[in-house]
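Reminder that position 29 of the sequence shown reads as 29 in this note's numbering, one-by-one numbering, no gaps.
For glycine and all other residues, C-beta sits at the position ideal for the given N, C-alpha and C.
Read through the structure below, which is laid out as structure tokens, and then see the notes.
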Amino acid sequence: MHGPPLVGWLLLVLGAASGAYCTARARAAPPGPRRAARAEAALGWGMAMMAVPAVTAPDSALWARLTAVAAGAAALPALPVRRCAGTGGWGGHHTVEAVAMIYMSVAAVLPAPGGGAGHAGHGTGPTGPSLVLTAVLLGYFAGYAVRAGLRLVPVAAAGPAPGAVALTERPELAAACRLAMSVAMCGMLLTM
Numbered sequence: 001m002h003g004p005p006l007v008g009w010l011l012l013v014l015g016a017a018s019g020a021y022c023t024a025r026a027r028a029a030p031p032g033p034r035r036a037a038r039a040e041a042a043l044g045w046g047m048a049m050m051a052v053p054a055v056t057a058p059d060s061a062l063w064a065r066l067t068a069v070a071a072g073a074a075a076l077p078a079l080p081v082r083r084c085a086g087t088g089g090w091g092g093h094h095t096v097e098a099v100a101m102i103y104m105s106v107a108a109v110l111p112a113p114g115g116g117a118g119h120a121g122h123g124t125g126p127t128g129p130s131l132v133l134t135a136v137l138l139g140y141f142a143g144y145a146v147r148a149g150l151r152l153v154p155v156a157a158a159g160p161a162p163g164a165v166a167l168t169e170r171p172e173l174a175a176a177c178r179l180a181m182s183v184a185m186c187g188m189l190l191t192m
């Protein structure tokens, strides 16, 4: 991922916060929803790893490749996740998010048309089928973010009083986490 350093920092913080919250939620969840929370945590940490090159070494092709491989590996556990009772999320979304992260990781590692790595080759964007895939993924995550945002409005207005329920048991926080990750995926796809 490349772009302005501020965007990299924001994506890093967003991914790490999402990963940390979902890790805590996985520890407190019963076995069914625990798997989905672990997958979301892995995706959050993977997102944070993908943002690292934009923050620390925007021109380091080796660093971009290492973090891309780590982020792609972090996304792998989310591939087989299905909808679990109590997760409030669609298991297929985890799969789409994992595929998108793996796609972006591969794009960062493989040479871009015209030479250089995908992320290191500034000015060489996706072409052909990769442009179509990027557009489809961008459309999916933008639509998911709008839908998730609209679903959060009534939940936030009618939710329990703060402090009445433990943070790891609040479904609107898990939904907000998925919303934030979808917005972050849009940002990363736009910088490809």
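Look at the beta carbons and you see the segment 70-80 touching the segment 35-44: at least three pairs across the two are nearer than 8 angstroms.
Annotated three-state conformation of P77 is helix, per DSSP. In this structure, A107 lies away from L137, with their beta-carbon atoms at least 8 angstroms apart. L110: not part of any alpha helix (DSSP H); DSSP gives it neither H nor E.
Comparing alpha carbon positions, the residue from L62, A51, A176 and A29 closest to L6 is A51.
A straight-line Cα-Cα distance of about 11 angstroms links P4 and G187. Comparing C-alpha distances from V69 to each of H93, A98 and H94 shows the shortest one belongs to A98.
Scanning M185, L190 and T191 for the CA closest to the CA of H94 turns up M185.
Between A26 and R38 a beta carbon distance of about 5 angstroms is seen, short of the 8 angstroms cut, so the two are scored as contacting.
Annotation: V132 to L12 spans about 26 angstroms, alpha carbon to alpha carbon. Annotated three-state conformation of M192 is coil, per DSSP.
By the criterion of a C-beta distance shorter than 6 angstroms, R34 is surrounded in its chain by A26, once the five residues flanking it on both sides are discounted. Scanning the segment 8-46 from its first residue to its last, no whole beta strand (DSSP E) run of 3-plus residues comes out.
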